[in-house]
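*Asks:* Position one of the sequence shown corresponds to residue 1 (my numbering), numbered consecutively onward.
Have a look at this one.
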Amino acid sequence: SEPVFLPEHSNVLEILFQFIEPPTESRHFRQPSIVGLDSTVFFGISEAAEKYVVYGAMNVCITRMQQIVVEYPLEVLNHCAKHGYPELGDEAAEHSLLADLSQVAVKLTVPGLLSQWVCTT
């Protein structure tokens, strides 16, 4: 079998894989904590969890997004729009209304989301 290239950063994949199979040295087989992660790593894990359909990680990430929606509304909005979490997306949209348009244009990458955001502000 040949190695498969995965485009995600190794630190993202390392944590994501722990949701699938916990480290052998872990006696309690707990899922990894995502609290306190750098936002880039956290949202990378969230995206990879959706891409590879890692249900445990998907649920943990959405729960964490509910906790950080005020701090990262644009990132949460983009994720929710892309992956179908409308309730949390609506909450994130409300928290993003005062964001600078140049920042919004960079962070809202889902097709059509930027124009929807502009029409609601």
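Each residue gets a CB set at the ideal place from its N, CA and C atoms; glycine is no exception.
1. Could you have a look at E21 and say whether DSSP puts it in helix, strand or coil?
2. Can you tell me which of the three DSSP states Y55 falls into?
3. Contact between the region 74 to 94 and the region 103 to 120: three or more CB pairs below 8 angstroms?
4. Please report how far the alpha carbon of H9 lies from the alpha carbon of A57, in whole angstroms.
5. Apply the 10 Å Cβ neighbour rule to E87 and answer buried if 16 or more other Cβ atoms are within range, or exposed otherwise.
6. Nearest-angstrom Cα distance between E14 and G44?
7. Quick one: give me the first and last residue of the alpha helix (DSSP H) that A81 is part of.
8. My understanding is that V60 touches I34, with C-beta atoms under 8 angstroms, so please give their C-beta distance in whole angstroms.
*Replies:* This is what the structure holds:
1. E21: coil per DSSP, three-state reduction.
2. DSSP places Y55 in helix when its eight states are reduced to three.
3. Result yes; three or more Cβ-Cβ pairs closer than 8 angstroms.
4. Computed Cα separation, rounded: 16 angstroms.
5. Flag for E87 reads exposed.
6. Take the alpha-carbon of E14 and the one of G44: they are about 11 angstroms apart.
7. Annotation for A81: the continuous alpha helix (DSSP H) segment containing it runs 73 to 83.
8. By a beta-carbon distance limit of 8 angstroms, V60 contacts I34. Their separation comes to about 6 angstroms.
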